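K.L.:
Going by this note's numbering, the sequence shown opens with residue -3, and the numbers climb by one from there.
Positions of the beta carbon are idealized from the N, C-alpha and C atoms, including for glycine.
All values reported here derive from a predicted model rather than from experimental measurement.
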Amino acid sequence: MAMMSTKRLQKELAELNGVKGTPPAGINLLTADNLASWRLELQVLGESLYQVGAAPPCEAGQREQVAPAGETFAVEFRFGPRYPIESPAVVFVVNDKYKAPVHPHVYSNGLICASILGNEWSPVLSVSAVCLTLQSMLASCKEKKLPDGNDAFVKTAPTDPKKVRFVYDDDTV
């Protein structure tokens, strides 16, 4: 891995571990055994279609202190030697414990159609920024549904999201 990648990833890892700063709310580092592949757990915060149960009731005169709990998903980041110049490969983990969210921009195999992971990637973006974007994308979802053509796409899609050429034409979901 290139020196620039190594330094940047070490800095981001320290931030996610809470060594330098506080990790963003609803984002937990699951594994980062090396600088090439990390797994993080994302919880959808606030009121959304992904909310699990209701927030605890407040006593009279008190403001609600706790955001409603949301569904939890895992994301995998794979970093190439040119990170952060090139975007990481990012997918939702689909296994016995985690499922991909049902969302118009997330395929059931975990591939994500998001412009910041493709043609709108910028080296100033970080793992935390991508996670926050995914949380926001899920929290603002208006309807839980799979992308059009999900079944056909999943049958033929490559496992590497960097080999998929998405068309980014719908930013309303």
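#1: Which residue from Ala125, Phe75, Ala135 and Glu82 puts its Cα closest to that of Asn115?
#2: What number of angstroms, rounded off, separates the C-alpha of Lys151 from the C-alpha of Gly66?
#3: Taking only three categories from DSSP, how would you classify Leu121?
#4: Excluding the five sequence neighbours on either side, which residues of its own chain have a C-beta within less than 7 Å of the C-beta of Leu26, listed in chain order?
#5: With DSSP collapsed to three states, give me the class of Ser132.
#6: Name the two residues that bound the continuous alpha helix (DSSP H) containing Glu116.
#7: Using the DSSP secondary-structure output, state which residues sit across from Val102 in a beta bridge.
#8: Considering only DSSP beta bridges, list what Glu37 is partnered with.
#9: Alpha carbon to alpha carbon, how far is Asp144 from Ala28? Give it in angstroms, no decimals.
#10: With 16 as the cutoff for other CB atoms within 10 Å, does Gln58 come out buried or exposed?
#11: Around the Cβ of Met133, are there at least 16 other Cβ atoms within 10 angstroms (buried) or fewer (exposed)?
P.N.:
Looking at the coordinates:
#1: Among Ala125, Phe75, Ala135 and Glu82, the Cα nearest to that of Asn115 is on Glu82.
#2: Straight-line Cα distance between these residues: approximately 29 Å.
#3: Three-state result, Leu121: coil.
#4: Cβ neighbours of Leu26 beyond the five flanking positions: Arg35, Leu36, Glu37 and Ala70.
#5: In this structure, Ser132 counts as helix in the three-state DSSP scheme.
#6: Careful: Glu116 lies outside any alpha helix (DSSP H) and carries neither H nor E.
#7: His99 and Ile108, per the DSSP bridge assignment.
#8: In DSSP, Glu37 forms a bridge with Asn24 and Ala70.
#9: The alpha-carbon of Ala28 is positioned some 34 Å away from that of Asp144.
#10: Note that Gln58 has pLDDT 45, beneath the 50 cutoff, so the model's placement of it is unreliable and the number below is only indicative. Label assigned to Gln58: exposed.
#11: Result: buried.
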